[in-house]
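Counted the way the working numbering counts, the sequence shown spans residues 1 to 339.
Backbone N, C-alpha and C fix where the C-beta goes; we use that ideal spot for every residue, glycine too.
Quick caveat, the model's predicted, so the values are computed rather than measured.
See structure below.
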Amino acid sequence: MRSIMKVFNTYSLFVVLAFVGCTSNTEPQRLSGYALGTTYNITYFDTRANPNLVPAIDSVFYVLNKSMSTYIKNSDISKINRGDDQVVVDNHFKTVFNASKAVFTATQGFFDPTVGSLVNAYGFGPEEGLATLTASDRDRLLALTGFEKVTLHEEGRIDKSNPNIYLDFNAIGKGYAVDVLSSYMEKRFGYTNTLVEIGGELQAKGKHILKNSPWTVAIDTPNEDAAERDLLRTLTLQNQALATSGNYRKYRIDEKGNKYVHTINPFDGTAQPSKVLSASVIAADCMTADAYATALMSMPISKIETLPLDGIEYMLVLAGDNGNYDIQRSPGFPSLNLP
Numbered sequence: 001m002r003s004i005m006k007v008f009n010t011y012s013l014f015v016v017l018a019f020v021g022c023t024s025n026t027e028p029q030r031l032s033g034y035a036l037g038t039t040y041n042i043t044y045f046d047t048r049a050n051p052n053l054v055p056a057i058d059s060v061f062y063v064l065n066k067s068m069s070t071y072i073k074n075s076d077i078s079k080i081n082r083g084d085d086q087v088v089v090d091n092h093f094k095t096v097f098n099a100s101k102a103v104f105t106a107t108q109g110f111f112d113p114t115v116g117s118l119v120n121a122y123g124f125g126p127e128e129g130l131a132t133l134t135a136s137d138r139d140r141l142l143a144l145t146g147f148e149k150v151t152l153h154e155e156g157r158i159d160k161s162n163p164n165i166y167l168d169f170n171a172i173g174k175g176y177a178v179d180v181l182s183s184y185m186e187k188r189f190g191y192t193n194t195l196v197e198i199g200g201e202l203q204a205k206g207k208h209i210l211k212n213s214p215w216t217v218a219i220d221t222p223n224e225d226a227a228e229r230d231l232l233r234t235l236t237l238q239n240q241a242l243a244t245s246g247n248y249r250k251y252r253i254d255e256k257g258n259k260y261v262h263t264i265n266p267f268d269g270t271a272q273p274s275k276v277l278s279a280s281v282i283a284a285d286c287m288t289a290d291a292y293a294t295a296l297m298s299m300p301i302s303k304i305e306t307l308p309l310d311g312i313e314y315m316l317v318l319a320g321d322n323g324n325y326d327i328q329r330s331p332g333f334p335s336l337n338l339p
């Protein structure tokens, strides 16, 4: 029998923006809205709010959704997931697909967009989850997992070794959308100092003009209670992207009381909590940061420490003793400050 699993705090911003010290007549312009199943915030500098931004940004989201949203039945990815092998995908899809292949290879398969069937089965996708996921269910769905089973042809068609393979780019899509909007703000409107954030993933371009300094952002304390949001650390970014993935607010409990987190291990199909509560990644672009943050959540710490990460810096928040947190970071991760 299939039933909808209980949902506990399915939405979370793992990264919040920190702005301080601006007076009312020198405030940067801010634009906020709702897209891709979450909120977005854009900060830019102008003498007044630009009325042309909202429709322009809406048009960007429309194009991205039409290409890669698994929540829209007539999107390209939804058609492909239903087995349509005649769909010719756009350049956005190609970019995300190729980037996913690169991270899939670099992380030895721990980042894998073909876990979509498992994501749905656990109840974290657009389809209704199974009431209880058995070992035989996992084995059946694992047969549909493996990004090496999917090929993108030059003309834009997708081949899958099994038509039931389900692609899901949600673990990289928000980051890519951040990059697209950040680039759009500069190329279309000439804004070179911007902070673009979607659902906690962000790109800091240029600097905070009024302070003449890099952008200051903050990372949340991994607290399951969404009503209590505490800042763990702050850091500064300039021409860099930051993405954070975590399991502490997004989880489900099935009819038997089993707790499942939304990060799926692509090798055994499990979705069990681990010692890693959150992973924050800094990269040149948000698409890459987003994908690696997801991969690090599913990898054993021993593998993370030996992973070749060229241009990638990370910070892990680990569950410590007596409810405390331990922080582990790569050598090049920026200095952290108390909020």
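Helix, strand or coil: which one does DSSP assign to residue i?
{"i": "residue 154", "result": "coil"}
{"i": "residue 42", "result": "strand"}
{"i": "residue 65", "result": "helix"}
{"i": "residue 313", "result": "strand"}
{"i": "residue 251", "result": "In this prediction, residue 251 scores a pLDDT of 47, lower than 50, which makes its location untrustworthy; no coordinate-derived value is stated."}
{"i": "residue 210", "result": "coil"}
{"i": "residue 176", "result": "helix"}
{"i": "residue 71", "result": "coil"}
{"i": "residue 118", "result": "helix"}
{"i": "residue 233", "result": "strand"}
{"i": "residue 324", "result": "coil"}
{"i": "residue 159", "result": "strand"}
{"i": "residue 197", "result": "strand"}
{"i": "residue 292", "result": "helix"}
{"i": "residue 166", "result": "coil"}
{"i": "residue 171", "result": "helix"}
Beta carbon of residue i, beta carbon of residue j: below 8 Å?
{"i": "residue 175", "j": "residue 291", "result": "yes"}
{"i": "residue 244", "j": "residue 280", "result": "yes"}
{"i": "residue 242", "j": "residue 289", "result": "yes"}
{"i": "residue 69", "j": "residue 57", "result": "no"}
{"i": "residue 198", "j": "residue 38", "result": "yes"}
{"i": "residue 80", "j": "residue 158", "result": "yes"}
{"i": "residue 234", "j": "residue 337", "result": "yes"}
{"i": "residue 168", "j": "residue 206", "result": "no"}
{"i": "residue 222", "j": "residue 325", "result": "yes"}
{"i": "residue 218", "j": "residue 240", "result": "no"}
Cutting at 8 Å between CB atoms, please list the residues of its own chain near residue i, excluding the five before and the five after it.
{"i": "residue 48", "result": "29"}
{"i": "residue 93", "result": "67, 68, 76, 77, 156"}
{"i": "residue 184", "result": "56, 57, 60"}
What is the C-beta distance between residue i and residue j, in whole angstroms, given that I count them as a contact (C-beta under 8 Å)?
{"i": "residue 103", "j": "residue 293", "result": "So it is not a contact: roughly 11 Å between Cβ atoms."}
{"i": "residue 299", "j": "residue 110", "result": "5 Å"}
{"i": "residue 144", "j": "residue 114", "result": "7 Å"}
{"i": "residue 287", "j": "residue 179", "result": "5 Å"}
{"i": "residue 246", "j": "residue 277", "result": "6 Å"}
{"i": "residue 64", "j": "residue 177", "result": "6 Å"}
{"i": "residue 311", "j": "residue 284", "result": "6 Å"}
Within its chain, find whatever has a CB closer than 7 Å to the CB of residue i; leave out the 5 residues flanking it on each side and keep chain order.
{"i": "residue 141", "result": "117, 118, 121, 269"}
{"i": "residue 321", "result": "none"}
Residues in the same chain with beta-carbon distance under 6 Å from residue i, minus the five sequence neighbours each way, listed in chain order, please.
{"i": "residue 208", "result": "215"}
{"i": "residue 173", "result": "68"}
{"i": "residue 41", "result": "32, 197"}
{"i": "residue 332", "result": "313"}
Counting Cβ pairs closer than 8 Å, one from the region 314-327 and one from the region 189-198, do we hit at least three?
-> no
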